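Every letter in the sequence shown is one number past the one before it in the UniProt record's numbering, and letter 167, counting from 1, is 167.
Heads up, the beta-carbon is just placed ideally off N, CA and C, and yes, glycines get one too.
Everything numeric in this text was worked out from a predicted model, so none of it was measured.
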Amino acid sequence: MTRNYESRLAQYRSALPPVSAADAAVAAALKSGHIAGRRVRLDTDTQAAAQRAVDWLRERSLAEAVEYLPLHLLEDDPALFLWGLSEENLDIAERHIGLPVRYHGLEVRAERAASTDPRHLVRHWHFDLEDRRMLKIIVYLSDVDESTGPFEFLPLAASDLTRQTLRVRPGLTFLPDADVTAAVPSSLWQRVTGPAGTAVYADTARLLHRVKAPTGGDRYSVTFVYSSDRPRHALARFMPPARIVESVLEDLTPRQRRALAVPDRASGEFGRKTLQP
């Protein structure tokens, strides 16, 4: 299986898309450390959709550690879903993953500072399980500082050491601070803070990570999820209901349709040639 995977990477290398200088910097940071960050400017429709999502979550204001926006609410306004399918985001994902990509979807959520349930799994250290390499783009929809739930991670070498030392299983092992500290000193833990509009680009299959529990205020964010076109696992919770996906298909490019694992209607095949292992 590893040999087939490496063969696909080699075959596809010459087909990787060109990117702008700004996106190349993100891709380079991902290649070297599997993490990058920058400010992003959402278009008017996407920004408005994001604000409506935040307003909905803010009005709920429950005591749960994490509150998710039900994705069926995107039916009348799929702008957030479509932002994740933008050619620019697919380019960055493809440059990092090295293969045609699958867009798994998104989640919009609030991290509650007043939660009565500090045991929620996202607050524990873990690896994601979707694929060997993957990409999550996490866009902060509120200002995030040390006390408002930043994305926290271990650098690649420390992540690899912890994976081996503690035998961490992606998607199954969720570690409390005490366990991680026993393997890696807290001085090596890193986090991403920034104003609303800050985007975190992270390979969450390679970096041990978590959401640091907020204490000074709630955090709002939207996360977009990508893997290769042959993921090991696909979590249904990221994909909106089929009727929402079907409603936007006519306006998508063949590449975008392929990222959704939708065949090209004209040929009955995917919009870009599938490489054989």
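Coarse secondary structure for residue i, derived from DSSP in three states
i	result
V184	coil
V139	strand
L69	coil
E64	coil
R52	helix
G84	helix
V144	strand
Euclidean distance between Cα positions of residue i and residue j
i	j	result
D179	D23	36 Å
W189	D251	43 Å
R257	V26	24 Å
A157	Y140	26 Å
L85	R167	35 Å
G216	V192	16 Å
D91	H209	24 Å
A15	Y5	16 Å
A114	A53	20 Å
R8	A29	23 Å
P17	V101	12 Å
L161	A48	42 Å
A21	T198	18 Å
P214	A10	42 Å
G171	V211	15 Å
P184	V19	Inspection of the sequence shows that residue 184 is occupied by Val rather than by Pro. Rounded to the nearest angstrom, the two C-alpha atoms are 36 Å apart.
T165	F153	17 Å
E59	E75	20 Å
Bridge partners - residue i, DSSP secondary structure assignment
i	result
W125	L175
G37	V200
V192	F151
Where the beta strand (DSSP E) containing residue i begins and where it ends
i	result
H104	V101 to E111
E152	F151 to F153
Host alpha helix (DSSP H) of residue i (start-end)
i	result
E6	T2 to Y12
R163	L156 to L166
### Residue ranges of each alpha helix (DSSP H) within the stretch 200-263, 4 or longer
242-248 and 254-259
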